[in-house]
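Encoded as C-alpha cells, the structure appears first; notes follow it.
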Amino acid sequence: MKKIIAIALLISMSCGVFAKKKSLKREMRAVWIATVDNIDWPSKPGLSVEEQKAELIAHLDQHKKNGMNTVIFQVRPATDAFYKSDYEPWSQWLTGEQGKAPEPFYDPLQFAVEECHKRAMELHAWMNPYRAVFLYKDAKTDPNHITNTQPELFLIYGKHKYFNPGLPETRDYVSKIVGDVVRRYDIDAIHFDDYFYPYKIKDEAFPDSESFEKHGGKFYPNQIDDWRRENVNLVIKQINDTIKSIKPWMPFGISPFGVWRNKSVDKSGSRTQAGQTNYDDLYADILLWLKNDWIDYVAPQIYWHIGKKVANYKVIAKWWNKNSYGKPCYIGQGAYRLNPESSIKSWHSADEIVRQIKLNRKLKNVDGSMFFSAKNFVENKLGINEALTNDVYDSPALNLQNTLYHGEIPQSPKLRLEGKMLKWTKSENAQYYVVYQKLGKSEKVFCITSLTELKLQRGQTIDEYCVCAVNRGHYKSGKSNVIVNK
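Per mature numbering (1 follows the signal peptide of the UniProt record, and there is no 0), the sequence shown runs over residues -19 to -1, 1 to 467.
Right, dumping it as C-alpha cells:
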C-alpha cells in the first residue's frame, strides 16, 4: 500500500500545474542508464538488493519528474547480464563478482521494466554486440563465461576483449542472446549504442587478418574495410530478423557515433572534420540499415556544442534530419558535458542543452532527444532539471506512435469527479492514460499515468479535463467525457 501511495504521489507531482509555455504533445524524451563500470547504476558493485532498488527508483522518479518518457537501460554491458540468463553470467558491476546472483534473488531487468511501466515510461533494453571483457587484464571472469569456454571466438584490442566480428558464430551467438531477452521480458525495444568495431587506436591494427583470410570471400585480399562493414551489416540484419520473428511490433534502435562520414571523403557526408567516423572507422553503415529497414530508429550521439568548429552540433543535427530515411530520429545529447570548469564556455550552463532541444524542434524529421547519462540528472548538474522543466519540458509528452504495432485501440474511458479526485474507468488494451487540461482555448497534456485516478488542485480559474486511453503502440482512444473542475 505504501508503494502505491508513493507512486500516486510521484505521478501527481510529475503532472504539475498547467504550464504557460508551448510544448509538443509527442516527443521522445529518453535517458541512458549506463551500468558498465557503474557509470550510473548501481553506484558501486555489491550494494544490497534494497539499496540497488532504492537507487534505481530514485533515478526513475527523477526522470519522470523531469518529463522523460523513456529509459534506455543497459542490460548487457560486456557479455554479462543484469538479468537472469542461461547463457551469460551475472555482471560484476551488480554484485561485485561475475556470475554471482543477487541475494536475496531478484531480476533487475524485470524490476526495471515493472517500475518503468508503473510510471508510464518505456524501457529499451540496451545491449552491446561485440564487447566481451572490459579491461581484460584486471577482470575476473566467471569460469563459464564464453571467453573461457570458447576463447577462439575472441580478439584482444587495446584494453578489452571483443567478439571477432568476422566469424559467423559471433552473429549467431549475439542474435541468440538478443532473442532470449525479447522473448522473456516485457521490454519496449532493443537498443544498441556506437560500439561496433572498436574505436581505432593509433599505431595498433585490429587483429582480424586471419579471419579475413578465412572468411573474406569476395572481399579478400584487398577490401578488408568493405568486409568489416559487411560483417556488421550481417549481424544487424540477423538481429532485426530475430527480433521481428518473436515480436514483429518491437523496434530495434541504434545510437551511432554522431558523424557518419566527413564531406571531405564523401560528398554525401556532413561538413565536419571528425577524427573517426561510423563508416570509415567503426564500419557501421548506418544509412544502409535505415534504407533497408534493418533498424527502426536512429539516435546519433551529437555530444558536442553548437558552434564547435570540427563537429558543430547544429550542422550534424541538420545532416541527420535530412538522412534519417523516414525513420524516427532522436538526437543523443551530452548532459555529461555540463561542467562549470570546462574549457568550453558553452558547457558552463544547462542552457546549452535547452538550446539544442529548441534547435531539434525546428527540424522536421528530428523527433526528440536521448540524454547521456542518468546520473547527471540525479545530481542535477548545473540545474539541468529546472532548465528542462521550466522551459522545454514544462508539460509531459507522449511517445511517437509505433508504426509496427497493430494492436486494438482502447475504448474511451468514462470520467468522473469525486471531490478533488479525477477518476476514470479502466480500458482494455490500455498501457497508460493521458489526461488533457483545457484553459480557455488552450489544451495541453497535463499528466501521463498508468493509474486510473488523479488528485486535482483547486485553481484560480475554471479548467476542464478529459482522458484518453493509450495502447502499447501509443495509439489513443477517443476522448472521454469532459469534467469541469471549479
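The C-beta atom is built at its ideal place from N, Cα and C for all residues, glycine as well. Every value quoted in this text rests on a predicted model; they were computed, and no experiment measured them.
With a threshold of 16 other CB atoms inside 10 Å of the CB of residue i, please say whether the residue is buried or exposed.
i: I443; result: exposed
i: V463; result: exposed
i: S249; result: exposed
i: V159; result: buried
i: A186; result: exposed
i: V246; result: exposed
i: Y176; result: buried
i: F115; result: buried
i: G459; result: exposed
i: H387; result: exposed
i: Q254; result: exposed
i: I(-16); result: With a pLDDT of only 45 at I(-16), under 50, the local geometry of the prediction cannot be trusted, and the value read off the model is given with reservation. Exposed.
i: K2; result: Confidence in K2 is poor, its pLDDT being 40 and thus under 50, which makes the residue's placement too unreliable to answer from.
i: E409; result: exposed
i: V451; result: buried
i: K(-18); result: Bear in mind that a pLDDT of 45 at K(-18), under 50, signals an unreliable position, so the number given afterwards is only what the model happens to contain. Classification of K(-18): exposed, given that the 10 Å Cβ count is below 16.
i: T223; result: buried
i: Y201; result: exposed
i: I220; result: buried
i: G48; result: buried
Go through its chain and collect everything with a Cβ distance to residue i's Cβ below 6 Å, but skip five positions before and after it.
i: L437; result: K401, L403, N466
i: R397; result: K404
i: D174; result: S236
i: E96; result: L41
i: K356; result: D21
i: E8; result: G349, A378
Our contact map puts residue i next to residue j with C-beta atoms below 8 Å; I'd like the distance itself, whole angstroms only.
i: P124; j: L75; result: The Cβ separation is near 18 Å, so there is no contact.
i: D262; j: Y180; result: 7 Å
i: Y264; j: D206; result: 7 Å
i: Y64; j: Y166; result: 7 Å
i: I171; j: A106; result: 6 Å
i: T16; j: P58; result: 5 Å
i: V56; j: M102; result: Contact flag wrong, Cβ pair sits at about 16 Å.
i: Y143; j: A120; result: That pair is no contact at about 13 Å.
i: I334; j: A368; result: 7 Å
Once the 5 residues before and after residue i are set aside, which same chain residues still bring their CB inside 8 Å of it?
i: V216; result: P110, P146, T151, R152, V155, S156
i: I182; result: Y138, G139
i: K308; result: L271, I276, D277, Y278, V279
i: R242; result: S249, G250, S251, T258, N259, Y260, D261
i: S461; result: S393, P394, K395, L396, W405, C447, V448, C449
i: E32; result: P23
Determine the DSSP secondary structure at residue i, reduced to helix, strand or coil.
i: D261; result: helix
i: D174; result: coil
i: L75; result: helix
i: N19; result: helix
i: W270; result: helix
i: I38; result: helix
i: H98; result: helix
i: L5; result: coil
i: F193; result: helix
i: Y284; result: coil
i: N243; result: strand
i: F427; result: strand
i: Q33; result: helix
i: V347; result: coil
i: L381; result: coil
i: D207; result: helix
i: T370; result: helix
i: residue 474; result: Examination of residue 474 is not possible in this model, given that the chain is present from -19 through 467 alone.
i: R342; result: helix
i: S408; result: coil
i: S251; result: strand
i: V291; result: coil
i: D169; result: coil
i: V463; result: coil
Please confirm whether residue i has its beta-carbon closer than 8 Å to some beta-carbon of chain D.
i: N212; result: The question asks about chain D, but that chain is absent: this structure has only one protein chain.
For residue i, which residues in the same chain have their Cβ closer than 7 Å to its Cβ, ignoring the five residues on either side in sequence?
i: G27; result: T76, G77
i: L344; result: A298, K299, N302
i: V359; result: A39, H40, Q43
i: K228; result: V163
i: R453; result: Y386, G388, Q412
i: L363; result: L319, P321, S330, A331
i: P85; result: V30
i: K218; result: W275
Q. Okay, do the region 124 to 136 and the region 194 to 211 touch, 3+ Cβ pairs below 8 Å being the bar?
A. Judged by Cβ distances under 8 Å, the region 124 to 136 makes no contact with the region 194 to 211, as fewer than three pairs qualify.
Taking 8 Å as the cut-off, does the region 340 to 354 touch the region 252 to 269 (at least 3 CB pairs, one atom from each stretch)?
No: fewer than three Cβ pairs fall under 8 Å.
| task | Say whether the region 311 to 324 touches the region 270 to 287, bearing in mind that this needs 3 or more beta-carbon pairs closer than 8 Å, one atom from each stretch. | result | Yes: the two stretches touch, three or more of their Cβ pairs being nearer than 8 Å.
Given 8 Å as the limit, is there contact between the region 67 to 74 and the region 36 to 52, that is, 3 or more CB pairs closer than that?
-> The answer is no - the region 36 to 52 does not touch the region 67 to 74, with fewer than three Cβ pairs under 8 Å.
| query | Within the chosen definition, does the region 346 to 356 reach the region 408 to 428 through at least 3 CB pairs nearer than 8 Å? | reply | The region 346 to 356 is not in contact with the region 408 to 428.
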